[in-house]
Structure formats: structure tokens, C-alpha cells
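Have a look at the structure below before the remarks.
In my numbering, the protein residues as written are 1 to 118.
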């Protein structure tokens with residue numbers, strides 16, 4: 001399973017972005033999909049997750065401005081970010097738990113850079 005994240009870029013504070021992450025491969029079924037981020041000099045942190053049925057979970061400090069969604073038909077997860085702040089600057093990674101054959105494994109995308117200017 002390959003995850004391809006896109007949608008990052010340079011944005012002014014107060015702006016919005018929508019990140020996308022598409023999964024591809026053969027004979028797989030996606031379960032939980034999630035977004036993480038890693039700011040310079042900091043540990044990677046969970047931003048939000050979503051189950052196949054649409055149940056969502058968010059980091060407490062981010063839930064007001066972040067919305068995760070998914071399109072199961074397209075094997076794609078989205079992350080909408082509003083009211084961007086300079087402290088949102090980070091590499092955003094998507095991750096997924098997927099079943100391939102009889103195994104359940106975790107997969108990671110390559111990350112997409114989000115830079116917020118003040």
C-alpha cells in the first residue's frame with residue numbers, strides 16, 4: 001500500500017488549506033486513517049484520525065480548526081485546516097492501518113510541508 005500526500009504549501013496566517021492523501025495498491029482494505037504532523041525540532045504528533053465508518057478523533061488542542069474526512073470509494077483521506085497559525089508549520093504525514101491478504105499493517109505517506117507565514 002502506498003500513501004501519497006498532497007496539498008501542502010506556503011500560506012499566510014489566517015488562511016486555510018486542505019490536505020489530501022490517496023492510498024493505492026492491490027488487494028487491500030483500509031481501516032483507520034490518520035494525519036500526524038512534525039514541526040521542526042519537535043516530536044511527531046497525532047492531529048486526527050478517522051475510522052472506516054467515519055468516527056473521528058482529534059488532538060484536543062487542534063479540534064476547533066482541523067477537520068478530517070475520508071472518501072472510501074477513492075481510498076482518500078482529507079484534512080481541512082482553517083485559521084492557520086505560524087505554529088501549524090510542520091510536515092504533515094498521513095498514515096493508515098490496512099489489511100492486505102491476512103495481515104494488518106501500518107503504512108505512512110511521505111509527508112507534505114505546510115508553512116504558515118505571519
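The beta carbon of each residue, even a glycine, is placed where N, CA and C say it ideally should be.
Alpha-carbon spacing of residue i relative to residue j, whole angstroms
| i | j | result |
| --- | --- | --- |
| residue 56 | residue 68 | 7 Å |
| residue 66 | residue 83 | 9 Å |
| residue 27 | residue 118 | 45 Å |
Neighbour-count burial assignment, residue i, 16 or more Cβ in a 10 Å radius
| i | result |
| --- | --- |
| residue 119 | What the structure shows of the chain is the stretch from 1 to 118, and residue 119 is not part of that stretch, so it cannot be assessed. |
| residue 19 | buried |
| residue 96 | buried |
| residue 98 | buried |
| residue 111 | buried |
| residue 49 | buried |
| residue 61 | exposed |
| residue 5 | buried |
| residue 75 | buried |
Cβ-based neighbour list, residue i, same chain, cut-off 8 Å, excluding 5 preceding and 5 following
| i | result |
| --- | --- |
| residue 14 | 83, 84 |
Spatial neighbours of residue i in its chain, beta-carbon cut-off 7 Å, leaving aside the 5 residues before and after
| i | result |
| --- | --- |
| residue 116 | 11, 13, 84, 85, 86, 88, 89 |
Cβ-based neighbour list, residue i, same chain, cut-off 6 Å, excluding 5 preceding and 5 following
| i | result |
| --- | --- |
| residue 38 | 44, 90, 91 |
Exercise for the section: Flag this pair as touching only if the region 17-27 and the region 98-109 have three or more C-beta atom pairs under 8 Å; answer yes or no. Expected result: yes
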